[in-house]
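Numbering (UniProt numbering), first residue to last: 1 to 657.
Here is the structure we will look at.
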């Protein structure tokens with residue numbers, strides 16, 4: 001049987017793809033807009049149920065719940081799971097109809113806000129505010145029974161991670177409740193008078209029962225759709241460990257989830273395993289988008305507990321405050337063909353859970369063909385502690401805004417994690433420019449090691465061994481393509497970190513501002529890489545001091561690295577909206593220094609790029625095609641054509657049921 005080469009794990013075995021075709025023995029229809037809909041009906045097409053929860057209450061293993069178009073303002077609580085991989089329960093949007101599950105209510109009663117000081121307590125702020133229109137709405141108690149997000153702050157549970165001297169606590173202490181005007185969120189402010197300075201904002205009274213808000217252009221709320229979040233989640237069992245459930249084609253919006261941990265998503269497996277979540281959309285979740293792990297590390301240990309074995313496929317995860325997908329202790333995950341965009345707007349980058357995807361102790365998993373873009377002050381992918389035998393392949397990691405690194409792998413020491421055939425682009429870094437040490441004159445020449453202020457890495461390993469980085473394109477990192485710290489004194493199990501046996505093979509590095517590679521020590525490998533448009537000293541070994549900052553020739557001479565390495569000068573363009581890429585001849589070559597071009601043998605045309613030895617641990621290209629030749633060009637493509645705009649959207653579009 002021909003196996004999908006992109007599912008081959010670092011240990012040579014193939015991902016355990018447990019999914020099976022389903023034959024359902026019962027169908028239930030839910031149609032909130034049907035004239036005859038009632039929760040007293042039998043769920044037939046002509047007599048559909050009105051709420052999804054009514055179907056969930058009677059769905060048994062082998063049931064297919066068809067949900068027809070409409071807005072469902074409820075949190076769906078499955079009460080049963082399936083009986084196995086061939087007898088699941090499925091909740092699906094019928095015929096791809098637009099099914100929206102909202103964790104919000106429509107606000108209808110407004111009055112002008114009075115009795116609050118609109119001016120700050122500063123003399124210089126005497127400005128004209130007569131035009132400012134602030135409104136208030138009181139919460140209807142019946143709509144907030146059991147959960148009032150306007151009364152709960154973002155962080156209520158585990159606060160052990162907080163380093164108070166480094167952390168602006170404002171966002172952590174904001175209320176969980178959100179306010180939307182015509183689908184667009186208003187921005188929460190900490191003090192009433194700040195609404196006078198910011199149109200499109202809201203403020204919550206201390207007891208969480210009244211919300212004051214100001215619209216853009218100071219308009220009247222009666223002319224708009226005003227929605228207040230009132231539920232924590234959109235699809236979540238109330239009983240833990242329900243498994244073998246499929247959720248397909250639903251849009252889940254406005255979940256008022258808190259900051260993790262616990263990891264409680266808009267769609268939640270609540271510690272269940274063998275879930276399939278596909279073709280769903282997460283639209284504005286306050287804390288977590290989807291959770292597929294064990295929720296919280298404070299739960300009691302359960303011997304032989306199964307965690308993970310879930311699939312997230314072809315989902316669109318937009319505008320999640322802290323973490324798009326959370327998978328605490330989850331194993332055997334398949335996360336593929338998703339778009340995860342604009343995660344991190346809560347600015348909780350100093351928390352332990354901030355990322356488009358955050359997993360802990362993840363093993364035997366594949367993360368492939370996803371697009372991570374515009375993640376803000378958080379990682380695209382964070383793999384925390386004891387991650388083993390995972391493969392990250394064919395992904396786009398784009399536009400890391402105020403982002404320290406695109407991929408963060410920490411405290412993982414016992415097996416390989418493979419990062420291959422991905423494209424990284426524009427990792428901005430997260431630091432304060434005014435903290436960069438000034439180096440007047442020649443003073444900077446004589447330092448023994450670099451400052452640790454500047455960051456912005458494609459891949460950051462912290463106390464992690466055995467990271468294999470193969471056939472990637474890594475471009476426009478504010479600091480370096482790869483950087484690592486040993487973290488010797490973080491004792492996990494019985495030893496600390498070494499950051500050894502990183503293997504960086506056959507990649508293309510482009511226009512990284514400080515370096516392509518920053519190895520902590522020489523006990524690592526680099527071979528077959530192509531370096532484009534690099535600054536001086538772009539190949540570095542940090543310890544023991546003094547740090548060395550080398551070019552390719554010295555890298556080869558002193559360490560024996562990159563004996564097949566090459567250098568080139570090209571222009572690369574990536575459109576991060578259309579997901580296209582082009583490689584062109586460089587228009588403006590920098591002025592050479594001391595016969596630089598002659599000594600370095602730069603490549604100026606793609607036809608002159610030499611093939612390098614294929615590393616068969618990653619025997620495919622960016623598009624998933626098998627590579628069987630012994631030699632291939634560096635990077636994720638088997639052909640580097642000049643002046644051609646190519647699509648780099650890796651997602652597969654065909655439906656799989």
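Cβ atoms here follow ideal geometry from the backbone N, Cα and C, with glycine treated the same way.
Going by C-alpha positions, residue 35 is about 52 Å away from residue 387.
Counting of Cβ neighbours within 10 angstroms places residue 644 among the exposed residues, the total staying below 16. In the assembly as shown, residue 538 is a buried residue. Its beta-carbon has 16 or more other beta-carbons within 10 Å.
Note on geometry: alpha-carbon atoms of residue 532 and residue 426 lie some 15 Å from one another. The region 310-317 makes contact with the region 273-293; the number of CB pairs closer than 8 Å reaches 3 or more. The bridge partners DSSP lists for residue 390 are 417. When C-beta atoms of the region 466-482 are compared with those of the region 501-508, three or more pairs fall below 8 Å, so the two segments count as touching.
Shown here, residue 400 sits in a strand according to DSSP, grouped into three states. Relative to the Cα of residue 236, the nearest Cα in the group 291, 182, 601 belongs to 291.
Counting along the chain, no alpha helix (DSSP H) covers residue 426; the unbroken beta strand (DSSP E) around it starts and ends at 423-427.
If you compare the alpha carbons of 198, 452, 503 with that of residue 10, the shortest gap goes to 503. Sixteen is the threshold: when 16 or more other Cβ atoms of the shown chains lie within 10 Å of the Cβ of residue 419, as they do, the residue is buried. Secondary structure at residue 462: strand, using DSSP grouped into helix, strand and coil. With respect to the 7 Å criterion, residue 272 and residue 250 are not classified as neighbours on the basis of their beta carbons. Of the residues assessed, residue 40 falls on the exposed side of the cut-off, its CB having fewer than 16 other CB atoms within 10 angstroms. The C-beta separation of residue 240 from residue 270 comes to about 5 Å, placing the pair in contact by the 8 Å criterion. Segment contact: the region 169-176 against the region 141-153, three or more CB-CB distances shorter than 8 Å; contact assigned. Per DSSP, residue 556 is one residue of the alpha helix (DSSP H) stretching across 552-559. Under the three-state reduction of DSSP output, residue 620 falls in the strand class.
Residues of the same chain with a CB within less than 7 Å of the CB of residue 171, apart from the 5 flanking positions on each side, are 154, 346, 347, 348 in chain order. Shown here, residue 185 sits in a strand according to DSSP, grouped into three states.
Exclusion of the five residues before and after residue 73 leaves 102 as the residues of its chain whose Cβ lies within less than 6 Å of its Cβ.
Taking the Cα positions, residue 78 is about 12 Å away from residue 267. Inter-residue distance for residue 257 and residue 615 is about 43 Å (C-alpha atoms, whole angstroms). C-alpha of residue 375 to C-alpha of residue 579: approximately 16 Å in a straight line. DSSP places residue 29 within a strand segment (E or B) once states are collapsed to three. For residue 194, the three-state secondary structure derived from DSSP is helix. Counting only the Cα atoms, residue 606 lies some 50 Å from residue 296. Contact annotation, residue 140 with residue 118: C-beta distance approximately 27 Å; criterion of less than 8 Å not satisfied. Using a Cβ distance threshold of 7 Å, residue 530 and residue 636 do not count as a contacting pair.
Judged by DSSP secondary structure, residue 52 falls within the alpha helix (DSSP H) whose first and last residues are 52-58. Taking residue 565 as reference, the option from 601, 544, 549, 535 with the minimal CA-CA separation is 601. Between residue 563 and residue 556, the alpha-carbon positions lie close to 6 Å from each other. Rounded to the nearest whole angstrom, the CA to CA distance from residue 230 to residue 187 is 17 Å. For residue 172, the enclosing alpha helix (DSSP H) begins and ends at 170-173. Beyond the five residues adjoining it in sequence on each side, residue 406 comes within less than 6 Å, by CB distance, of 380, 397, 400, 424, 427, 458 in the same chain, given in chain order.
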